[in-house]
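Please read the structure below before turning to the comments.
Number of protein chains: 2
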Amino acid sequence: MEELVERLMKLGLKEYEARAYASLVIIGPAKASEIARESGIPRPRVYDVLKKLHERGFVDVSEGNPTYFRAIEPEKVIASLRDEYIRSAEEAIIMLKSYERERREDWLPVWYLQGEWSVVNRAEELAEKTEEEFVATFMEPTLVLKFRRVFERVRERGINPKILIITKKVFRESRLENLGEVYYLPISKVLDGEPGNFMETAARVLFSTSGRYLVRGILIRDSRESLLVYEEGGIKGILVKIPFIPVIEREVVEYYLRKLDDRSSTCFSKT
Amino acid sequence: MEELVERLMKLGLKEYEARAYASLVIIGPAKASEIARESGIPRPRVYDVLKKLHERGFVDVSEGNPTYFRAIEPEKVIASLRDEYIRSAEEAIIMLKSYERERREDWLPVWYLQGEWSVVNRAEELAEKTEEEFVATFMEPTLVLKFRRVFERVRERGINPKILIITKKVFRESRLENLGEVYYLPISKVLDGEPGNFMETAARVLFSTSGRYLVRGILIRDSRESLLVYEEGGIKGILVKIPFIPVIEREVVEYYLRKLDDRSSTCFSKT
DNA sequence: GAATGTTGTAACTAAAAGAGTTACAAGTTT
DNA sequence: AAACTTGTAACTCTTTTAGTTACAACATTC
Chain A
1 MEELVERLMK LGLKEYEARA YASLVIIGPA KASEIARESG IPRPRVYDVL
51 KKLHERGFVD VSEGNPTYFR AIEPEKVIAS LRDEYIRSAE EAIIMLKSYE
101 RERREDWLPV WYLQGEWSVV NRAEELAEKT EEEFVATFME PTLVLKFRRV
151 FERVRERGIN PKILIITKKV FRESRLENLG EVYYLPISKV LDGEPGNFME
201 TAARVLFSTS GRYLVRGILI RDSRESLLVY EEGGIKGILV KIPFIPVIER
251 EVVEYYLRKL DDRSSTCFSK T
Chain B
272 MEELVERLMK LGLKEYEARA YASLVIIGPA KASEIARESG IPRPRVYDVL
322 KKLHERGFVD VSEGNPTYFR AIEPEKVIAS LRDEYIRSAE EAIIMLKSYE
372 RERREDWLPV WYLQGEWSVV NRAEELAEKT EEEFVATFME PTLVLKFRRV
422 FERVRERGIN PKILIITKKV FRESRLENLG EVYYLPISKV LDGEPGNFME
472 TAARVLFSTS GRYLVRGILI RDSRESLLVY EEGGIKGILV KIPFIPVIER
522 EVVEYYLRKL DDRSSTCFSK T
């Protein structure tokens, strides 16, 4: 029941409204005192709550002494709520789009992104601005799939993305074969260099599988902009345009791509 | 702007959240003070509001002094809100349906219905219970169309609904020809009898076009249950199962149907 | 028909959420 | 150094929603 009430509240009902409606659906036509018992709403409040539900067309009323109430079929009620929400959503989009001013190019060097579509969305923007080179690396399987369109965009611009994948699972499940040069380097080989080396240190930071921030992937365009995708609670991202960091990030990835060539490591596909 | 804020609030945003997001969409990437100016939110509050919007993935943040903010594209944000709402709605329906107990047959003699689908819905239930006869009359054009399915249901049961229509406009626009015996009697002829007659008095009440309650139609099944559809603010209805009122209501309608036959009044279609 | 319980209503209080304010330290610009 | 801007914390005021109390009208029981 609690869970049901929560769901209904997500749809915009107040707690008492949700309880009363849910109870009525469950027990069928009933009088106020029965609803109060079933729902836990204080009996005197049942009346005004049901009045409101009646006004909104969620329940029918049979006046008398006692007065009885009856829930309208859930499909109908919820469907109408949903339809109205969808309509409002469409209107909101149209209005926002129409008010939107010419976007001044954003010149800020670091952006914190939050939420999966925010990150994927920015990655696509990155792809669309690519002029010469697009390098990426991924450490997590499910996430890679969400970035398919990013690589498609890069290809549309006539550029072949280079994608380094760190775990076998990611590689197998990514299905990116025809989207660019896709390489697979096992995590063990990534971490087998002498610890003093800068690149090795960087790798240990980037590819570590524990700690508060878990790096899930990096995308770099033209050594000028990079998007670091990490997880902390949800998916987050840091977009960096400082003309230095992306160069280093690219070099780290390239270092491992070379490592892979040198040792003629597993290279599953190459377009 | 106010209207835009309202729309966003309907989607579940708080006022400040709506203002801040709308402003950001309108003016593009901006710092807190600019957002405060555009939105009317007190500047100190802009920070915590935007923090929340960032957490929900509605804006990106570029930390610094000053910190800048940027709205995620409205299509993406709103679409994701909408999708989540739809998901919740579906879950709610499923849960409600699964908890729903066996409906004890409702034995109550009078029900007050509110809202169009509540009324139409009950009318359909009425149709499904019809055993011998279904009589209806309508005084309003737009509404009739909403009851099409009701008459279809009656026909599915092998019964021909009799439908009396009072205004020419209703008749022309109703497109019910093949759904039953549809008759047209102009309002002038309805009201031309001697005022003393009971039926004439009844008609004056039912078919009056002014006053607080406007009767829009009546549906009667088997002279045992009737649904009076009227307007007062929105569409409302009274379902009556008292084994007397429906008989009278039916007689009133039949009286006019006979009147129509006697005077060989306009009878557009008859199946 | 007195006693007991139920129903409908009004008017309350308490708690929570949200809007709007004040004060201030730290940083930035002139 | 003075004047302004920025970020933060802790407020108050208002509205909304949850939960309480009191009671008259009605109905039921014995």
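Chains as they are written, first to last, in our numbering: chain A, 1 to 271; chain B, 272 to 542. For every residue, glycine included, the Cβ atom is placed at its ideal position computed from N, Cα and C. Because the structure is a prediction, the values reported are computed rather than measured.
Quick one: which chain A residues come within Cβ less than 8 Å of L499 (chain B)?
-> Numbered from 1 along the second sequence, position 228 holds the residue referred to as residue 499 (chain B). Neighbours of L499 (chain B) on chain A: none; closest Cβ ~14 Å, over 8 Å.
When we look at the beta-carbon of F138 (chain A) and count the other beta-carbons within 10 Å, is it buried (16 or more) or exposed?
-> In the first sequence, the residue the question calls residue 138 (chain A) occupies position 138. Per the 10 Å Cβ criterion, buried.
Name, in chain order, the residues that DSSP records as bridge partners for I506 (chain B).
-> Numbered from 1 along the second sequence, position 235 holds the residue referred to as residue 506 (chain B). Answer is B:E502.
Which class does S208 (chain A) belong to by DSSP, given the choice of helix, strand or coil?
-> Here residue 208 (chain A) refers to the residue found at position 208 of the first sequence. Looking at S208 (chain A) - three-state DSSP - the assignment turns out to be coil, as it is neither helix nor strand.
Length at least 3, wholly inside the stretch 114-155 of chain A: the beta strand (DSSP E) runs in chain order = 134-138
Does the beta carbon of L275 (chain B) come closer than 9 Å to any beta carbon on chain A?
-> As a working note, residue 275 (chain B) is residue 4 in the second sequence. So, interface residue.
Taking the continuous alpha helix (DSSP H) assigned at Y552 (chain B), which residues delimit it?
-> The structure shown does not extend to residue 552 (chain B), since chain B is modelled only from 272 through 542, so no value can be given for it.
In terms of alpha-carbon separation, which member of A:D222, A:K168, A:I166 lies closest to L126 (chain A)?
-> Mapped onto the first sequence, residue 126 (chain A) falls at position 126. Among A:D222, A:K168, A:I166, the Cα nearest to that of L126 (chain A) is on A:D222.
From A:I26, A:G115, A:L53, A:E231, residue whose alpha carbon lies closest to that of G386 (chain B) = Here residue 386 (chain B) is taken as the residue at index 115 of the second sequence, counted from 1. Answer by Cα proximity: A:L53.
Kindly list the residues whose CB is nearer than 8 Å to the CB of E128 (chain A), restricted to its own chain and excluding five residues on each side of it in sequence; keep chain order.
-> To locate residue 128 (chain A), count along the first sequence from 1; it is residue 128. Closer than 8 Å at the Cβ level, and outside the excluded window around E128 (chain A), lie R153, R157.
What residues of chain A sit near A293 (chain B), judged by a beta carbon separation below 8 Å?
-> Residue mapping note: residue 293 (chain B) aligns to position 22 of the second sequence, counting from 1. Going along chain A in sequence order, the residues near A293 (chain B) (Cβ under 8 Å) are L96, Y99.
CB contact flag (K259 (chain A), K162 (chain A), <9 Å) | As a first step, residue 259 (chain A) is located in the first sequence; it is residue number 259 there, counting from the start. As a first step, residue 162 (chain A) is located in the first sequence; it is residue number 162 there, counting from the start. Contact flag unset, no.
Residues of the stretch 102-116 of chain A with a CB closer than 7 Å to any CB of chain B: list them in chain order, please.
-> R103, R104, D106, L108, V110, W111, Y112, L113, Q114, G115
Quick one, which of A:L206, A:G233, A:I248 has its alpha-carbon nearest E225 (chain A)'s?
-> Residue mapping note: residue 225 (chain A) aligns to position 225 of the first sequence, counting from 1. Measuring from the Cα of E225 (chain A), the nearest candidate turns out to be A:I248.
Could you round the C-beta distance between E231 (chain A) and L206 (chain A) to whole angstroms and report it? I think they count as a contact, below 8 Å.
-> Against the first sequence, residue 231 (chain A) aligns to sequence position 231. Against the first sequence, residue 206 (chain A) aligns to sequence position 206. At roughly 13 Å, the Cβ-Cβ gap does not stay under 8 Å, so E231 (chain A) and L206 (chain A) are not in contact.
Under the three-state DSSP convention, the category D83 (chain A) falls into | As a position in the first sequence, residue 83 (chain A) is number 83, starting the count at 1. Here D83 (chain A) sits in helix by DSSP.
Is there a Cβ from chain A that is less than 9 Å from the Cβ of D319 (chain B)?
-> By 1-based counting over the second sequence, the position of residue 319 (chain B) is 48. Not an interface residue.
Does any residue of chain B bring its CB to less than 9 Å from the CB of L257 (chain A)?
-> Here the question's residue 257 (chain A) lines up with position 257 in the first sequence. It does not: the Cβ of L257 (chain A) has no partner Cβ on chain B nearer than 9 Å.
Contacting residues, own chain, Cβ-Cβ under 8 Å from G40 (chain A) (five flanking each side not counted) | By 1-based counting over the first sequence, the position of residue 40 (chain A) is 40. Answer for G40 (chain A): R19, listed in chain order.
Given that a residue counts as buried once 16 or more other Cβ atoms are within 10 Å of its Cβ, and exposed if not, what is E288 (chain B)?
-> Here residue 288 (chain B) refers to the residue found at position 17 of the second sequence. Buried, by the Cβ-count rule.
Quick one: which chain A residues come within Cβ less than 7 Å of P345 (chain B)?
-> Residue 345 (chain B) sits at position 74 when you count from the first residue of the second sequence. I93, L96, K97, listed in chain order.
List the residues that DSSP assigns as beta-bridge partners of G217 (chain A).
-> Residue mapping note: residue 217 (chain A) aligns to position 217 of the first sequence, counting from 1. Answer is A:F138, A:V229, bridged to G217 (chain A).
For the stretch 305-338 of chain B, which residues have a CB atom closer than 7 Å to at least one CB atom of chain A, in sequence order?
-> H325, E326, G328, D331, V332, S333, E334
Decide if the stretch 81-97 of chain A is in contact with the stretch 348-367 of chain B; the criterion is three or more beta carbon pairs, one per stretch, under 8 Å apart.
-> yes
Sequence-distant residues of its chain with Cβ nearer than 6 Å to S23 (chain A) (five each side left out) | Against the first sequence, residue 23 (chain A) aligns to sequence position 23. Excluding sequence neighbours, S23 (chain A) sits near I35, E38, S39.
Inter-residue CB distance, Y454 (chain B) and L528 (chain B) (contact presumed, cutoff 8 Å) | Here residue 454 (chain B) is taken as the residue at index 183 of the second sequence, counted from 1. Here residue 528 (chain B) is taken as the residue at index 257 of the second sequence, counted from 1. Contact holds; Cβ gap of about 6 Å.
Applying a beta-carbon distance threshold of less than 7 Å, which residues of chain A neighbour A360 (chain B)?
-> Position 89 of the second sequence, counting from 1, holds the residue named residue 360 (chain B). Ordered by position in chain A, the residues that pass the 7 Å Cβ test against A360 (chain B) are L11, I78, L81, R82.
Using a C-beta to C-beta distance shorter than 9 Å, which residues of chain B count as neighbours of R70 (chain A)?
-> Walking along the first sequence from the start, residue 70 (chain A) turns up at place 70. In chain order: D377, L379, W382.
Start-to-end residues for the alpha helix (DSSP H) that takes in K241 (chain A) = Numbered from its first residue, the first sequence carries residue 241 (chain A) at position 241. Taken as a continuous stretch (DSSP letters only), K241 (chain A) belongs to no alpha helix (DSSP H), as it is neither H nor E.
Beta-carbon separation of R372 (chain B) and W382 (chain B) under 9 Å?
-> In the second sequence, residue 372 (chain B) corresponds to position 101, counting from 1. In the second sequence, residue 382 (chain B) corresponds to position 111, counting from 1. It is not a contact, given that the beta carbons lie outside the stated cut-off.
Can you name the residues that DSSP bridges to F340 (chain B)?
-> Indexing the second sequence from 1 puts residue 340 (chain B) at position 69. F340 (chain B) pairs with B:A301, B:V332.
Just tell me which of B:P412, B:T413, B:S333 has its CA closest to the CA of V240 (chain A).
-> Residue numbering aside, residue 240 (chain A) sits at position 240 when the first sequence is read from its first letter. Among B:P412, B:T413, B:S333, the Cα nearest to that of V240 (chain A) belongs to B:S333.
Can you tell me where the alpha helix (DSSP H) with L164 (chain A) in it begins and where it stops?
-> Within the first sequence, residue 164 (chain A) is the residue found at index 164, counting from 1. It is not in any alpha helix (DSSP H) - L164 (chain A) instead sits in the beta strand (DSSP E) that spans 162-165.
Integer-rounded CB distance, given that S118 (chain A) should sit under 8 Å from G328 (chain B) = Residue mapping note: residue 328 (chain B) aligns to position 57 of the second sequence, counting from 1. Residue mapping note: residue 118 (chain A) aligns to position 118 of the first sequence, counting from 1. Right, their Cβ atoms sit about 5 Å apart.
Using the beta-carbon count (16 or more within 10 Å), is K14 (chain A) buried or exposed?
-> Your numbering for residue 14 (chain A) matches position 14 in the first sequence. The residue is exposed, with fewer than 16 neighbouring Cβ atoms inside 10 Å.
In this structure, what does DSSP give as the bridge partners for E181 (chain A)?
-> By one-based count along the first sequence, residue 181 (chain A) stands at place 181. Paired residue(s): A:K162.
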